[in-house]
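These notes concern the structure reproduced below.
Residue numbers (this note's numbering): 348 to 1054.
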């Protein structure tokens, strides 16, 4: 026992030379199969369009942080995230342990005579790997329990975009693959422990093994259990011999199948996280000048990064669960869009030679293709992108495919008419440009024309706030608040056009670029310090997308401006309102731009009791208007997302006011309230209306003060 070199494990102990040779032959075969699979996958990605990623070092740092903290996995499913952490860290440590043994046995010792896998290092090595194996098994057992007994809807692969008679409706193969993956992991873990236990019993007569057995605590407990049922050292040796081959072949098969199965996500998921675009969906890509078509028609139109995203999807169903279109029965599941495209890519791009061009078309009704109805069901609310634990960017892919539909005229007639109206008049209401600021006529003061005189704050109003009668009341209220606070502000008047946020998410890129360029030109011609808007949709595109067209402006949503005015005392409040309220986070203010706090701070200042709905902040539910859906009629008899949201609010006891901070939300939810059964129990109001109700007005507004 004084010679620490004796405390180790002899690889291939009592194995014949032909057995060792056979094992290495099988090992190299597995590596060869693995390498061919990697080559096939890389070739598939290279058939996509090129993309310059950049900032590799910072991306790698972010990816490592994501993996070590598991922060993308524990969100909104803490138990599953923790179970995955046990599997991930257990597997990683066992892999590192195996690689460490290989490093010494096959490289360092034969070439340089270096040995380190013995003594105290070996003992700590054994303890760490024992605990890692136990963690892996515990995590897998929970995942099995979760699938078999919890029966979570998000793990049901039933497709909302297909009918049972469709050839690609049945996805039982995915369930089989999931179970095969879990059983392979748990069998590798369990057989590893049984091997360890039989080795301890087999070598129980050797002090360097038996006296130190509790450095492998799980194996030691199992060894004692084996002895208690009468297993002799000779019997343990026989069991070990057969089990060793089963365990080894299972592990080698697992390695060989990594590029061909769900197991590949151990590589593609971290890579997908590293390639994540922090502005995915918030800032959509421009159409390259050299690109013949505006969007994606063929699978080869996808960028290589997007093809990798398809493989990164683990089918966890979080996007499926979060999707508002799916929640109301529309033929859309973000997960199924990604899986369909993955199946299509694997079928068409894995071959040695590419099929004919027609066979690469991703649009249509054939297996693997994506239906037009599915793409138009998307609200581009970004719920799927926000919750995806492996950074799959569903919305940009869907919009790219929509661009092709728009280019070919495959859209609802009403949507097509609306786009034509916007192109002709600059707004979605078809009104004359001269009427854009007609709402100002009922104000007792004149608002500056920012095109003619300098202002501190340029107010970009937006279509609904300018033309919709219900929203015009709110717009005038905000103007009165700005005037009362002494803010020097002005408008573009008829120089303003539709901001284009929803036009772009519809897929009409040409019209969007026309609108964006026109607005940027109008804004640039003004002298101002910052931009404010009451429309989150306009806020998003001006903030995140106009810079790509040369329009970089400082912009705020009205909630941050009003909060500052209240904090500065430039808007004085009367007695607290005392309303019991709930607040709906607009997708483009909240999930898109993380504007969660300002509206809630204001409600607190107003003396309201805020009761959150179950789905709030980054998990807020979409009103259903986004992505141009406000211009597309829903099928008769189907529930709208706004109605679904009303029912959620209706479950709040004593609710008085459903508060919104977006013109489209006001329109959608007031309509939904009339058909929800809750009309008369609570009202829908814009936050601006509550602010004005609580603000104390002076007869003579304060002098203009810079914000």
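Just so it is clear, CB atoms sit at the ideal spot from N, CA and C, and this is done for glycine as well.
Buried or exposed for residue i, going by 16 or more other Cβ atoms inside 10 Å?
| i | result |
| --- | --- |
| residue 411 | exposed |
| residue 893 | buried |
| residue 363 | exposed |
| residue 1047 | With a pLDDT of only 45 at residue 1047, under 50, the local geometry of the prediction cannot be trusted, and the value read off the model is given with reservation. It counts as exposed. |
| residue 361 | exposed |
| residue 1037 | buried |
| residue 1025 | buried |
| residue 722 | buried |
| residue 1050 | With a pLDDT of 35 at residue 1050, under the threshold of 50, the modelled position of this residue cannot be trusted, and the question is left open. |
| residue 549 | buried |
| residue 901 | exposed |
| residue 1054 | In this prediction, residue 1054 scores a pLDDT of 32, lower than 50, which makes its location untrustworthy; the coordinate-derived value is nonetheless stated afterwards. Classification of residue 1054: buried, given that the 10 Å Cβ count is 16 or more. |
| residue 408 | exposed |
| residue 905 | buried |
| residue 365 | exposed |
| residue 1011 | buried |
| residue 930 | buried |
| residue 680 | buried |
| residue 323 | No statement about residue 323 is possible, as the shown extent of the chain runs from 348 to 1054 and does not include it. |
| residue 1019 | buried |
| residue 819 | buried |
| residue 667 | buried |
Using CA coordinates, which residue listed in the options is at the minimum distance from residue i?
| i | options | result |
| --- | --- | --- |
| residue 689 | 388, 1039, 1043, 1023 | 388 |
| residue 1007 | 888, 1044, 964 | 964 |
| residue 621 | 631, 1017, 882, 656 | 656 |
| residue 760 | 399, 979, 673 | 979 |
| residue 358 | 591, 404, 424, 575 | 591 |
| residue 489 | 801, 426, 522, 479 | 426 |
| residue 940 | 895, 992, 884, 954 | 884 |
| residue 661 | 609, 570, 808, 507 | 609 |
| residue 693 | 680, 681, 709 | 709 |
| residue 983 | 419, 676, 438 | 676 |
| residue 784 | 579, 861, 810 | 810 |
| residue 835 | 879, 853, 862 | 879 |
| residue 998 | 446, 1028, 399, 839 | 1028 |
| residue 1059 | 480, 956, 551, 1016 | Here the chain comprises residues numbered 348 to 1054, so residue 1059 is not present and cannot be evaluated. |
| residue 648 | 536, 886, 747, 565 | 747 |
In angstroms with no decimal places, state the Cα-to-Cα distance between residue i and residue j.
| i | j | result |
| --- | --- | --- |
| residue 858 | residue 866 | 12 Å |
| residue 520 | residue 705 | 27 Å |
| residue 462 | residue 451 | 6 Å |
| residue 630 | residue 870 | 20 Å |
| residue 585 | residue 377 | 26 Å |
| residue 925 | residue 934 | 27 Å |
| residue 786 | residue 1003 | 29 Å |
| residue 921 | residue 1042 | 6 Å |
| residue 897 | residue 634 | 16 Å |
| residue 903 | residue 949 | 15 Å |
| residue 745 | residue 678 | 14 Å |
| residue 523 | residue 882 | 47 Å |
| residue 817 | residue 1014 | 8 Å |
| residue 626 | residue 966 | 17 Å |
| residue 495 | residue 594 | 25 Å |
| residue 840 | residue 798 | 8 Å |
| residue 685 | residue 765 | 29 Å |
| residue 538 | residue 547 | 14 Å |
| residue 1055 | residue 466 | Missing from the structure shown is residue 1055; the chain here goes from 348 to 1054 and no further. |
Could you please give the first and the last residue of the uninterrupted alpha helix (DSSP H) stretch that includes residue i?
| i | result |
| --- | --- |
| residue 931 | First-last for residue 931: undefined, no H or E at that position. |
| residue 814 | 810–814 |
| residue 381 | 364–393 |
| residue 997 | 988–997 |
| residue 530 | 519–549 |
| residue 1015 | 1010–1023 |
| residue 487 | 466–492 |
| residue 403 | 403–416 |
| residue 655 | 651–659 |
| residue 587 | 580–603 |
How far does the beta strand (DSSP E) with residue i in it reach, from first residue to last?
| i | result |
| --- | --- |
| residue 623 | First-last for residue 623: undefined, no H or E at that position. |
| residue 902 | 902–904 |
| residue 1005 | 1004–1007 |
Taking 8 Å as the line, does the beta carbon of residue i fall inside it for any heavy atom of the ligand ZN?
| i | result |
| --- | --- |
| residue 686 | Absent from the structure shown: the ligand ZN. Ligands present: none. |
Which parts of the stretch 694–767 are runs of the alpha helix (DSSP H), unbroken and 4 residues or longer, counting only runs that do not cross its ends? 719–723, 730–734, 741–755
Identify every run of the beta strand (DSSP E) within the stretch 823–892, keeping only runs that are complete inside it and at least 3 residues long; order them along the chain. 836–838, 877–880
Where are the alpha helix (DSSP H) runs, 4 residues long or more, that stay fully inside the stretch 914–960, in chain order? 944–952
Counting only runs that start and end within the stretch 771–802, where is the alpha helix (DSSP H) found for 4 or more residues in a row? none
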